[in-house]
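Student:
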Amino acid sequence: MLGDIVLAVDGGFVLKQSFNAVSAIALLTLVALGLYVAFAMLRVINIAHGEFLMLGAYTQWAVTDHGFSPWFGLPAAALAVGTFAVVVERTVIRRLYLREDLSTLLATFGLSIILQRGIGIWLGTERRFVEVPVKGNFEFLGVSYGHYEVVVPVIAAGIVLAVLLLIMRTDFGIRVRATIQNPEMAAAMGINTDLMNMVTFALGAALAGVAGALIVPTVTLSPVMGVEFVVRAFLVVIVAGAGTVFAALGGGAVVGGWESGFTSAFDATYAQISVLLLVIFLVLLRPRGLFERFQRT
Amino acid sequence: MQPIISRRRFLATTGGLAALGSLGALGLSACGDDEEEGPAGTPAEGVAPSGEPIKIGGVFSLTGIFALFGELMRNGAILGVEKINEEGGVLGRPLELLVEDDGSTSTGAAERARKLLLDDKVDFVMGTLTSADSLAVVPVATEAKKPFFYILEGESKTCNPGGEGLNPYVFGIGSTPHQYITPFVPVLLERYGTDWYLIGSDYVFPRSVHAITKELLAQQGGRVVAEEYVPLGTTDFGPLIDKIAAAQPDLVFTYIVGPDSIAFTLRGVETGQLADIPVSGSAHFRPVQWPGLGQASIGTILVDHYSQAVDNPENNEFVARFRERFNFELPIDAIAADTYLTIQIIRAAAEQAGSIEPEAFIAAAEGLEVATPKGLVLIDPENHILQQNIYLLEITADGYKFLEDFGRQVHPDQVDCSVT
Amino acid sequence: MQAARPRSVLSRALKGLWGSRWAVFGVIALVVYPRFSSDFDQFVLASALTLALLAVTVDLQWGYTGILNLGPAASFGIGAYAYTVTQREIESFDPTYVAFGLAAFFSVLIGVGVAYAAFRAGTIPIYFALITLGLALVFERWISVNNDLGSINGLINIPRPDFHIPVLTDYRITTVNDFYPFVVGVVVACYLISLAVTSSSFGRVLRAIKADEEKAQTLGYNTLAHKLVIVGVASAIGGLAGAIYAPLTGIAHPSLFGFLISVQAFVWVAVGGQGTLIGPLVAGVILTLAREELRGVSSDAYVMIIAAMFILAVLFLPEGLAGLLARGGARVRLLNALPLGLREWLGVHEGGALVR
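Chains as they are written, first to last, in my numbering: chain Y, 601 to 897; chain F, 4 to 423; chain V, 2 to 357.
(1) Give, in chain order, every residue of the stretch 865-876 of chain Y whose Cβ lies closer than 7 Å to some Cβ of chain V.
(2) Any C-beta of chain Y sitting closer than 8 Å to the C-beta of V/I194?
(3) Kindly indicate the opening and closing residues of the beta strand (DSSP E) around F/A374.
(4) I'd like to know whether the C-beta of F/Y3 is nearer than 8 Å to at least one C-beta of chain Y.
(5) Could you check how far apart the C-beta atoms of Y/T869 and F/P234 are, in whole angstroms? I think they sit under 8 Å.
(6) Who are the neighbours of V/D60 on chain Y, taking C-beta pairs under 8 Å?
(7) Going by the DSSP bridge assignment, what does F/C420 pair with across the sheet?
(8) Can you tell me the Cα-Cα spacing of F/T345 and F/S358, whole angstroms?
(9) Alpha carbons only, please: which of V/N70, V/G233, V/V206 and V/D149 is nearest the one belonging to V/G221?
(10) Give the residues of chain V in contact with Y/I880, contact being defined as C-beta atoms less than 7 Å apart.
(11) Taking the alpha carbon of V/W269 as the point to measure from, which residue in V/P162, V/Y82 and V/L52 has its own alpha carbon closest?
(12) For F/T45, which residues of its own chain have a beta-carbon under 6 Å away from its beta-carbon, when the five flanking residues on both sides are left out?
(13) Round the Cβ separation of V/S76 and V/S108 to the nearest angstrom and send it over; I've been treating them as touching at under 8 Å.
(14) Here's the rule I'm using: 16 or more other beta-carbon atoms within 10 Å means buried, otherwise exposed. How should F/S25 be labelled?
(15) Please report the distance separating the alpha-carbon of Y/R690 from that of Y/T779.
(16) Is F/L427 helix, strand or coil by DSSP?
(17) Going by DSSP in three states, F/D279 sits in which element: helix, strand or coil?
(18) Across the stretch 217-234 of chain V and the stretch 190-209 of chain V, are there enough close Cβ pairs to call them in contact, namely three or more that are closer than 8 Å?
(19) By the 10 Å Cβ neighbour count, where 16 or more other Cβ atoms means buried, how is V/T219 classified, buried or exposed?
(20) For chain V, check one thing: does any of its Cβ atoms lie closer than 8 Å to the Cβ of Y/F709?
(21) In chain V, which residues lie less than 9 Å from Y/F834 when you measure between Cβ atoms?
(22) Any beta carbon of chain Y sitting closer than 8 Å to that of F/I348?
(23) What's the call for F/D136, buried or exposed, on a 16-neighbour Cβ count within 10 Å?
(24) Is F/I259 near the ligand MN, with its Cβ less than 7 Å from a heavy atom?
(25) From the beta carbon of Y/P783, is the nearest beta carbon of chain V less than 8 Å away?
(26) Let me know if Y/H666 comes out buried or exposed under the rule of 16 or more other beta-carbons within 10 Å of its beta-carbon.
(27) Okay, do the stretch 823-839 of chain Y and the stretch 662-678 of chain Y touch, 3+ Cβ pairs below 8 Å being the bar?
(28) Under 7 Å, CB to CB, which of the residues in the stretch 654-667 of chain Y have a partner in chain F?
(29) Give a yes or no on whether the minimum CB-CB distance between Y/E651 and chain F is below 8 Å.
(30) Anything in chain F within Cβ reach of V/D179, meaning under 9 Å, just list it in chain order.
(31) Does Y/Y697 come out as helix, strand or coil in the three-state DSSP assignment?
(32) Determine, using beta carbons only, whether F/G175 and F/T161 come nearer to each other than 8 Å.
(33) Looking at chain F, which residues of the stretch 242-264 of chain V have a Cβ within less than 7 Å of any of its Cβ atoms?
(34) For the candidate residues V/I68, V/L241 and V/N154, whose alpha-carbon lies nearest to that of F/A112?
(35) Where DSSP assigns a beta bridge to F/L425, which residues make up the other side?
(36) With DSSP run on the structure shown, which of helix, strand or coil describes F/E360?
Written out as structure tokens, the structure is:
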């Protein structure tokens, strides 16, 4: 039927590959958004973001394992990880806001190792799997799509949109942005900046948690699963630069689109290597991020 | 919803077992570390072994990503030592197993092997999982001039650096791709057809397997539709499965290994894209992965150099003892049997030589035939790789069904030796 | 303060070494250690010292200059592979010297090259940290799939150093224990060089850059050149460390570029104390030996404890244990417990202040 080499010639296949790229971008943006919020707004470089995702995934596993609905697992993961992040913020991160160096990066480094090993000791290091919440598949232009394959990017995009609206359009968002732009002024105007910082950090973590719960049925659950995701999420943040939250969308599109496209066309290993090189190159060209013109000055 | 619940149960069972195992790991490594401790087994009936124990060092991945594998390997070795000590030891002396954890890293494997050889002065070293781990131990054991038995299947690691001649101190217990691919390819061609899609994890072993596969396919009228590798630790198999579905091959021949294989299989089942495309391989479907992918792979045929269904007295005894000793209910993987039978091989060669001095031991081992759970094996004097039977198996709802015995397979000379 | 009179680097280094008599104790302890330890203990200490050199490179860049290179393992891995490939491929001439030379050369080339591009582009520190982390990752992934470099199996069969100078000497390392004196020598030498660099006027500029780079520029210092030189020195030491580690452990593996090697170096610097040089070395040696002693406990639990110590050090001891000992009450109590004669020899007054 086909020649010796499989070429992406028919329309259905091309459409599926495009769908894969869009899906990868939506998912990556969701994962990176929480990291970006903490970075751009609090100047916190959270290496443990991947472990927050891992905790969300384990929450989903625990929820479904106890016979509850996986749809309940999504808010449960956000809540559990968000609560945990409050504890982390109060005990560790809060002490580091005033330091100009990269102490948050180092402290969350340690936190990520503790979480990986701690979950490993508690629940075992073996890989686990979570049932797909919606089984089955359908065909479109001769190519098969799994139902959940479609559900994941839709939910991811929905959450990203909701967060953007929250920050850009609500009273809470205004206060958050005010706190970030000028903490002293915000405090003088009666905004509880300490509380704002805590809520913002917890929000970022909750996003990682819900992302973990959302994708865990399609991946392997393990204590070290966060590492793969956090590396990509950092690439998004680097490309985005410290601008508005919209820059995170741009970063997600560049990194997710490149890797997905490269994997479809060539080879998955070199897709990973090339995306790293791409980002290093971009940063040398635009040292403050590719989307720096979105930045407030 | 009934099947979902049963699978959940299954995962829960595995989790419980792993927790039990890690408790055992703590206990054992504690005595392994202490030189004053006695041998791992207590002599029962027969002549009780006496005198200075013969020390066997085991390097296993008890923590890290391969902890599940390492635990099975260690348990096999413990059982082997217990059995031999019950039967009077080796040359009248008891065996003592000293266990070290390499943390699933190859630098860890080299360091732990060095500790066993330099500090504990063990007489033999065995274990290691990945090719990289085994290769890391090879120079350490060679320098210490002590026999080293690597367990897992894979390319030969018994040659001297550069592929020149035989390294006398290294023995391969698992089979090589040549041994199991050669009889397997004709069966698959006949059963499924000629157009194959080759996939694998992106490292040396799957690539060398597929190099042999391609050669055999070319000779026997098969055709490679595409060949593709994915990085170890790949989480999203969607793009690969899409490409396979678009190509519609007669067979997907897979060497995706470790937990990735489960992620691949489950994704294929979920999207329904692999419903009409047969998938086969061996490492992809090994029994240690069964809790994750067994139910999703019913009807798949594969080859292995061991199966719990192999019917011989040695295997019947091993399976019964292993289940009882470790309260183990899942299909037993070759890695557990291979560490167990390594102890049997050590005894056979030492008694033949009348000594555990490396030179005499090695000379006696070469060409020796030993009855083991995986059948009668012969230590090939040319390359130190076991000549062993290869079995065709099929995955069923409750485990692995025995289909055919391909007979004893020989690894040719030193082809594809990976010691570089 | 008068302008410093020019003094030779050597005399300054010797004075620095003598000034910190703790370092003298350290060297004596290293020299007598083999008399009280097994072959394997020496191997463990030698590999700990080699890895601790990487922590020294982190201290030079981060502790002294404020350059956060999150991928110090890149220089380590480059050194390991450059040494291995050279030793395996070059037959004539004296491969050992060429191998060590190329290990340092390639490591400096890549380290300084990337730093130059990034600093010239005006990369902010956070991005520099992530670029260096990404670079180490690129190397790890690329070598993992490069069959000529052994891919994920790594390279074994690594010839050991053979320092051959016709007529004069032929110091050949044949067993793993021969490494110990060689490693101690290299570590002491690298420590002295680092000490000389950081205690000179050059080192004062580095500290000024860390405190406020713009101010240092305004004062007329070429901060870019200073930063590139210290990255170069650190890369050379890191490359040498890797070139020792590969033949010592007998394997060059992609994981030498890995995150864990980098993290470990940072933990040692944070716990030992940044900007002290000796702190990271001592922390590295003590933590490695402790790991060996606690082997039977559980490596996961051990790693968790170390990570917790690291967080506490970041939170409460920005200067590490060395910083604490250098002035805190613990040091006073510790020193006051020593016999009077020893205290006098150490130059310690009642109350723990150091006499210089």
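Even glycine gets a Cβ: it sits at the ideal position worked out from N, Cα and C.
Tutor: Quick look at the numbers:
(1) T869, Q872, I873 and L876
(2) no
(3) E372 to T375
(4) Not covered by the structure: residue 3 of chain F. The range shown for chain F is 4 to 423.
(5) 5 Å
(6) By Cβ distance, chain Y contributes nothing, its closest Cβ being about 14 Å from V/D60, past 8 Å.
(7) Per DSSP, none; premise fails for F/C420.
(8) 17 Å
(9) V/V206
(10) I132, G135 and L136
(11) V/L52
(12) Its pLDDT being 43, under 50, F/T45 is placed unreliably by the model, and nothing is read from it.
(13) 4 Å
(14) Confidence at F/S25 is low in this model, with a pLDDT of 36, below 50, so its placement is unreliable and the value that follows should be read with caution. The residue is buried, with at least 16 neighbouring Cβ atoms inside 10 Å.
(15) 18 Å
(16) Examination of residue 427 of chain F is not possible in this model, given that chain F is present from 4 through 423 alone.
(17) coil
(18) yes
(19) exposed
(20) yes
(21) L131, L134 and G135
(22) no
(23) buried
(24) Summarising the ligand content, the structure contains no ligands, and the ligand MN is consequently not present.
(25) no
(26) exposed
(27) no
(28) D665
(29) no
(30) By Cβ distance, chain F contributes nothing, its closest Cβ being about 12 Å from V/D179, past 9 Å.
(31) coil
(32) yes
(33) T250, G251, I252, H254 and S256
(34) V/N154
(35) Here chain F has residues from 4 to 423 only, and residue 425 of chain F is not among them.
(36) coil
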